[in-house]
Amino acid sequence: MEQSQVASIPQANAKLNRRLLAWSFKEIRHGQLWPISVALTLIIACVFALSALAERMEQVIVKQGRDALTADLVYRSANPVPEELNTESLLPDIGVASMVSFATMAFGDEEMLLVSVKAVDDAYPLRGDLVLASSERTASHLRKGELWLEEQAMLALDVKQGDTVTIGDADFTLNGTIEQQPGLSFNPFQQMPTALIHSSDIERTGALQQGSRVRYQQFFTGPEAQLQALKDKVELSPSDRWRDQNSRSRTNDMFTRTTQYLSLTVAIVVIMATTTLVLTCQHYVAGRRQTIAMLKSIGASKKWIARWLVIQVLLLFITGVVFGVAIGYVLEVLLRVPLADLLPDPLPSYGVTPMLIAISSCFLIGVPALGIPMINLLNTSATNVLQPVKQHNGRSWWLVLVPVIPMLAVYATNTLVWIVLAGMAALFVVLSGVAMMISKLIGKLKLSPAMALAVSRLNRSSLASGLQFGALALSLMLLAIVWLVRTDLLQDWQSTLPKNAPNAFAINIAPYEVDEYLRQLDAENIERSQAFPIIRGRLSKINEIDAKQVSEDNQDTDAVRRELNLTWANDLPDYNELLEGTWGSTNGVSVESEVASALDLKIGDKLVFVINGQEVEAVVNSIRKVEWREMKPNFYFIFAPQYAQQMPGAFMVSYRIEPKHDAMIQTLSSQHPTVSLLDIRKMGDKIQSLLSQIIWSITVLAALGVVAGLLLIFTLLRLSISQRQLEIRLYRTLGASKKRISTTLWCEYGLMALIAGLVASLGAEASVSGLLYWGFDLSARVHPQLWFTLPLLTFLILALVVNSLIKQLLLPVKNGAL
1151 MEQSQVASIP QANAKLNRRL LAWSFKEIRH GQLWPISVAL TLIIACVFAL
1201 SALAERMEQV IVKQGRDALT ADLVYRSANP VPEELNTESL LPDIGVASMV
1251 SFATMAFGDE EMLLVSVKAV DDAYPLRGDL VLASSERTAS HLRKGELWLE
1301 EQAMLALDVK QGDTVTIGDA DFTLNGTIEQ QPGLSFNPFQ QMPTALIHSS
1351 DIERTGALQQ GSRVRYQQFF TGPEAQLQAL KDKVELSPSD RWRDQNSRSR
1401 TNDMFTRTTQ YLSLTVAIVV IMATTTLVLT CQHYVAGRRQ TIAMLKSIGA
1451 SKKWIARWLV IQVLLLFITG VVFGVAIGYV LEVLLRVPLA DLLPDPLPSY
1501 GVTPMLIAIS SCFLIGVPAL GIPMINLLNT SATNVLQPVK QHNGRSWWLV
1551 LVPVIPMLAV YATNTLVWIV LAGMAALFVV LSGVAMMISK LIGKLKLSPA
1601 MALAVSRLNR SSLASGLQFG ALALSLMLLA IVWLVRTDLL QDWQSTLPKN
1651 APNAFAINIA PYEVDEYLRQ LDAENIERSQ AFPIIRGRLS KINEIDAKQV
1701 SEDNQDTDAV RRELNLTWAN DLPDYNELLE GTWGSTNGVS VESEVASALD
1751 LKIGDKLVFV INGQEVEAVV NSIRKVEWRE MKPNFYFIFA PQYAQQMPGA
1801 FMVSYRIEPK HDAMIQTLSS QHPTVSLLDI RKMGDKIQSL LSQIIWSITV
1851 LAALGVVAGL LLIFTLLRLS ISQRQLEIRL YRTLGASKKR ISTTLWCEYG
1901 LMALIAGLVA SLGAEASVSG LLYWGFDLSA RVHPQLWFTL PLLTFLILAL
1951 VVNSLIKQLL LPVKNGAL
């Protein structure tokens, strides 16, 4: 008998589990758990799609950045490459290429030209595209004995493929044209038409002599750990530099900010989904407390109820994972549609990482979001059947640490995410408080009966309404942050790299021909900059102290470690912002703000420069902010016009040319043969293409963040209105008409939309200002359109929610089910 009873126990447990499973399915299908399932699915889908797309875009962006650098790591120096960086000293996993750059004369049969010679080895370039075109072939690497010239150099020398061109002392047969060079490095003051030769041919040119100005570059690719070890074993001199993906540069700033935006968008979407999940769970617990109390009152054990709740939670997670991953995969495919022409083919694989991140994020978020309210629900007393009493189990709050600890580990060094979280923690209380304050002030006004009832409903429960206001305003604020940061980033990039940016630089314009040259440009209505005289010089003393000594402990600027391009001008460039001082003193010089900060220069400081072997003294009279990303002539130091006699030099001017100007430019070049024209249209197109790709990337991500935010706000409003069903029934019992109830709902939630939208606008402005300044190193902007867009957006979502629920809320009354 005892054995048969023991044998029947597993069967009974299996039968019980089947019944619990069936009941749980029914509860999810017909009860209040479906919003939780939707929230879990939304978290997984959004995190999966964003992580997958962000993973691919980050791979593309990093590749673009390394292509712009032409390697993973670059060593630059004015001295020959040290022995430990030569090929024989490197590990097999490290790829290496070299370049030696110098200026020398190139000679055709009748013409001559100063060119920038780049002597490279067989491996160059390690990354990026080098396109060399001849009538017989297209090449991507150089061979020994070859010479390739840019088209403008061929025109200036009046040579074609097969002709003999002399570089220094060596004669070369011209192989063809340089169609494209890798990288985005650009300096109009040092750039001359390029000639490419093999590094083994340097010696026979005889161009490198004692005192020659040469730049040595060594390019590396390989595992990060090995490259870091390579950097650590080389002691740098003042003329040596390492450059990598993390080095501060105008191009790398764009890549860094884009990567930060990807992280920010993923974090905000997760935060918005988590907020909805928490509120949905709280709503479910409130609606099931009576059910649990009733089950306990008829003898159900705590263990049995716990098993029932666990089965429901597991079903929710499984449903969320299955549908979330499937929807996330489809969503990521759809997100790639507008990027089809910009993404590489084949696409870099994202593997299983996004799925693992999505499921792990959902699990970590779900543990406290579901665990805390479920534990409180499980501890509901049977006496709640007679007298509802809110019960809280303070010991369950330790579950909050489950997502917090991994988040601390993952985002420990991501300043941007912590700015968002700190702003949220501080602003949530402020948003709730301000919203309730506005609501109470409105309540003191003389209102219509429906509006008075709506305001009374909001003010009657300050805590509940405050939390509701806070959740709605916070969701709106996060939604606004995603879009505003995207907009401000694009405005910054587009303002510094506009489509009408200069794409040609004329240098070496003699003083006697500068007026005529400019007159011909103006006659064709070509947009140009002012003409600047250029002369080389070095900063030698600051307030009678050696400049090198002043900058000894400061590596942020190389302004005293090399010769600079100096100029004088009657007026400061209109695209430079004057920060301090006044321009125009008789012995003054204007200083760029970053150099002024690095060297601790102030108005009135005395500077001494060495120009053409002579000392030139000047007093700092102004400090300017310079946007170095602009393709315009910019300078560290600009002297007053009184220095013109001490600074004789050839002029340069930048301007924008279109295809229709090609014939005119050819005529201009023939009339001024000594003027060097740098046509950078190909490089400008490359930068614009890169910028377009990044713009598309963050626009798609921002759009996804906005869609996720709208869905979450829609869910929040649905839950809020659903909680009113019992109260609406009471109003109908007391004789309120459907019209009165409908009007009251519209007044209440319309007022909530207006208040939450305005408060969210305030929070978004404050948060975005902090993000732009601390996270992206940009100046804050005011967004007046936000102050009416957010309330209007909230009201439109509210209209959808109310229209979808109002009939359902009034239906039980119509059928007499009170």
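If you read the sequence shown in this note's numbering, its first letter stands for residue 1151, the second for the next number, and so on. Ideal placement from N, C-alpha and C gives every residue a C-beta, glycine not left out.
| Check | Outcome |
| --- | --- |
| Distance between Glu1482 and Arg1439 (C-alpha atoms, nearest Å) | 40 Å |
| For Thr1327: DSSP bridge partner residues | Ala1283 and Leu1299 |
| Ser1451 - containing beta strand (DSSP E), residue span | Here Ser1451 belongs to no beta strand (DSSP E), and DSSP marks it neither H nor E. |
| Assumed close pair Arg1277, Thr1220 - CB separation to whole angstroms, cut-off 8 Å | 5 Å |
| Assigned exposure category for Tyr1786 - 16 Cβ within 10 Å defines buried | buried |
| Contact set for Asn1726: own chain, Cβ-Cβ below 6 Å, skip 5 residues either direction | Arg1774 and Val1776 |
| Distance between Gly1799 and Ile1685 (C-alpha atoms, nearest Å) | 5 Å |
| Spatial neighbours of Glu1663 in its chain, beta-carbon cut-off 7 Å, leaving aside the 5 residues before and after | His1822 |
| Rounded distance between the beta-carbons of Arg1391 and Arg1636, thought under 8 Å | Not really, about 33 Å apart at Cβ, beyond 8 Å. |
| Whole-number beta carbon distance between Ser1743 and Leu1722, since they are thought to touch under 8 Å | Not quite, the Cβ-Cβ distance comes to about 13 Å (not below 8 Å), so this is no contact. |
| Test item: CB-CB of Leu1240 and Val1231 under 9 Å | no |
| Rounded separation between Leu1608 and Leu1912 - CA only | 21 Å |
| DSSP-derived helix/strand/coil call for Asp1259 | coil |
| Contact the stretch 1680–1699 vs the stretch 1750–1757: 3+ CB pairs below 8 Å | yes |
| Inter-residue CB distance, Gly1470 and Leu1190 (contact presumed, cutoff 8 Å) | 3 Å |
| Buried versus exposed call for Ala1967 [16 or more other C-beta atoms within 10 Å across all chains shown] | Low per-residue confidence applies at Ala1967: pLDDT is 38, beneath 50, and the placement is therefore not dependable, though the value from the model is reported in the following sentence. The residue is exposed, with fewer than 16 neighbouring Cβ atoms inside 10 Å. |
| Given Asp1319 as reference, the closest of Pro1343, Gln1330, Arg1354 and Ile1947 once Cα atoms are compared | Arg1354 |
| Thr1220 in three-state terms, based on DSSP | coil |
| Same chain only: Cβ atoms within 6 Å of Phe1322, ignoring 5 sequence neighbours per side | Leu1297 and Val1315 |
| Top-ranked residue by Cα proximity to Gln1330, from Gly1900, Arg1831, Ile1878 and Gln1935 | Arg1831 |
| As assigned by DSSP and simplified to three states, the class of Gln1935 | coil |
| One or two residues paired with Asn1715 in a DSSP bridge | Arg1686 |
| Check whether Leu1671 and Leu1818 have beta carbons under 9 Å apart | yes |
| Backbone CA spacing between Arg1398 and Leu1527 [nearest angstrom] | Any answer about Arg1398 is weak, because its pLDDT of 48 lies below 50 and its placement is not dependable; what the coordinates show is given next. Taking the straight line joining both Cα atoms gives about 54 Å. |
| Helix, strand or coil at Gly1754 [DSSP, three-state] | coil |
| Whole-angstrom distance between Ser1740 and Val1760, CA atom to CA atom | 17 Å |
| Per DSSP, cross-strand counterpart(s) of Val1739 | Val1770 and Phe1789 |
| Distance between Val1803 and Gln1118 (C-alpha atoms, nearest Å) | Residue 1118 lies beyond the range of the chain shown here (1151 to 1968); nothing can be said about it. |
| Exposed unless 16 or more other CB atoms sit within 10 angstroms - verdict on Gln1795 | exposed |
| Residue environment, Leu1950, which counts as buried when at least 16 other CB atoms sit within 10 Å | exposed |
| Residue span of the alpha helix (DSSP H) that contains Arg1354, given as start and end | Ile1352 to Thr1355 |
| Beta-carbon proximity list for Glu1915, same chain, < 8 Å, skipping 5 on both sides | Val1932, His1933 and Leu1936 |
| Thr1563 - partner residues in DSSP beta bridges | Answer is none; Thr1563 lacks a bridge partner. |
| Between the CA atoms of Ala1199 and Met1255 - distance to the nearest angstrom | 56 Å |
| Cut-off 7 Å between Cβ atoms - residues of its own chain near Pro1556, not counting five sequence neighbours on either side | Leu1514 |
| Cut-off 6 Å between Cβ atoms - residues of its own chain near Leu1427, not counting five sequence neighbours on either side | Ala1189 and Ala1519 |
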